[in-house]
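Numbering (the UniProt record's numbering), first residue to last: 1 to 249.
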Amino acid sequence: MKSWRYKRRPRLTHAVMPVRHTKQVRFAYKNTFHSPPVTPAIPPLSFSSSTVPSSLGPITPPSVGYPLPPSSAPRPIHGIPKAISSSGYAGSSRPHPYLEMSAITWDMMDHPSTVSRHHQSISSRVWSEAATTPPMPFIVITVPHFAWKFNVYASNRAFVTFEDVVKSVYRSLRKNITESEFHSAASPAEQRQASRAYEQRYRRQRSTRLYEEEKRGGMKRVDFLMGRTRFGGLVSSGRRSEEWRLDVT
């Protein structure tokens, strides 16, 4: 009798096609901050936008050895200027001299501890001075070209200080951009510009850890300033005394 043998079929192999990697913009839904520890006695900063998550943490400085601005110690009651109700006409309001046009040097991508004037760090006295004349219990700042507004409240419960303004600006610009905001708030050309600004922001980090943290953190409002991240000053909106516009360069 004939014996039947089954021939094993040859194994088919498939050629592996190369995969093209495309650039992707990251959208983090959890805000990442680099900030100093918050003193428990100071109330948390408040924001006017209802989209700000309640999990906003304190800002912590990057680990590059920058000195932190000293905390504002409570003043004696007779040393605190009396804050006025923030409902007057804007014509009588002026910003602190250091918040006027080009009075300080600060790249708003960097921590507030890097703020300087004439290449000198800001004194503790200036950090605790009133941000406006007359002093106000809160102010509203608008970011140019966007419908971004945020409230700045007095951390000393009396009047908004220079430190309150600088830290609030930093916090607001560190807020993440969602994917829907990215596609609705800018033209395609502006989206490309903002994407490049995001890449430049994390690539400027010399520390590998900070590089990865900034990259994973996703796009932020500061990226939509399209590279104009220098603090220019506060300008009165011309309407109400508590309303101010952030000027950038």
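Each residue gets a CB set at the ideal place from its N, CA and C atoms; glycine is no exception.
Nearest by alpha-carbon distance to residue i: which of the options is it?
i           : options                           : result
residue 251 : Tyr198, Phe224, Val222 and Asp223 : The first residue shown for the chain is 1 and the last is 249, placing residue 251 beyond what the model contains.
Trp148      : Thr132, Val126 and Arg171         : Arg171
Val152      : His145, Ala158, Ile139 and Gly232 : Ile139
Ser168      : Ser123, Thr142, Thr178 and Glu181 : Thr142
Lys175      : Gly238, Leu225, Met101 and His96  : Leu225
Ala158      : Glu129, Val166 and His145         : Glu129
Phe162      : Ser121, Phe150, Leu234 and Ala131 : Ala131
To the nearest angstrom, report how far apart residue i and residue j are at their CA atoms.
i           : j      : result
Tyr98       : Val115 : 10 Å
Arg240      : Leu210 : 40 Å
Asp164      : Arg192 : 33 Å
residue 305 : Glu190 : Because the chain spans 1 through 249 in this model, residue 305 falls outside it and cannot be assessed.
Met136      : Val160 : 6 Å
Thr133      : Ser187 : 39 Å
Ser155      : Gln205 : 31 Å
Asp247      : Ser207 : 30 Å
Ile177      : His119 : 33 Å
Leu173      : Arg94  : 23 Å
His96       : Arg203 : 34 Å
Asp223      : Arg201 : 8 Å
Met101      : Arg221 : 22 Å
Met108      : Gly218 : 17 Å
Glu179      : Val166 : 27 Å
Thr249      : Gly232 : 6 Å
Trp127      : Ala194 : 32 Å
Val235      : Phe150 : 15 Å
Ser92       : Glu242 : 11 Å
Please confirm if residue i has its CB atom under 8 Å from at least one CB of chain B.
i      : result
Thr229 : Note that chain B does not occur in the displayed structure, where there is just one protein chain.
Assuming residue i and residue j make a contact with CB atoms under 8 Å, what is their CB distance in whole Å?
i      : j      : result
Ile104 : Arg125 : Rounded, the Cβ-Cβ distance is 15 Å, inconsistent with contact.
Pro144 : Arg230 : Not really, about 13 Å apart at Cβ, beyond 8 Å.
Taking the beta strand (DSSP E) that residue i belongs to, which residues open and close that run?
i      : result
Val140 : Phe138 to Val143
Val235 : Phe231 to Ser236
Val152 : Trp148 to Tyr153
Glu243 : Glu243 to Val248
Taking the alpha helix (DSSP H) that residue i falls in, what are its first and last residues?
i      : result
Trp127 : Ser124 to Trp127
Glu213 : Thr208 to Gly217
Glu190 : Pro188 to Arg203
Lys167 : Phe162 to Leu173
Ser93  : Neither: Ser93 is in no alpha helix (DSSP H) and is coded neither H nor E.
Glu179 : Glu179 to Ser184
With burial defined as no fewer than 16 other Cβ atoms inside 10 Å of the residue's Cβ, what is the status of residue i: buried or exposed?
i      : result
Arg216 : exposed
Phe146 : exposed
His111 : buried
Met113 : A quick correction: the sequence has Ser, not Met, at residue 113. Ser113 is buried by the Cβ-count criterion.
Ser123 : exposed
Gly238 : exposed
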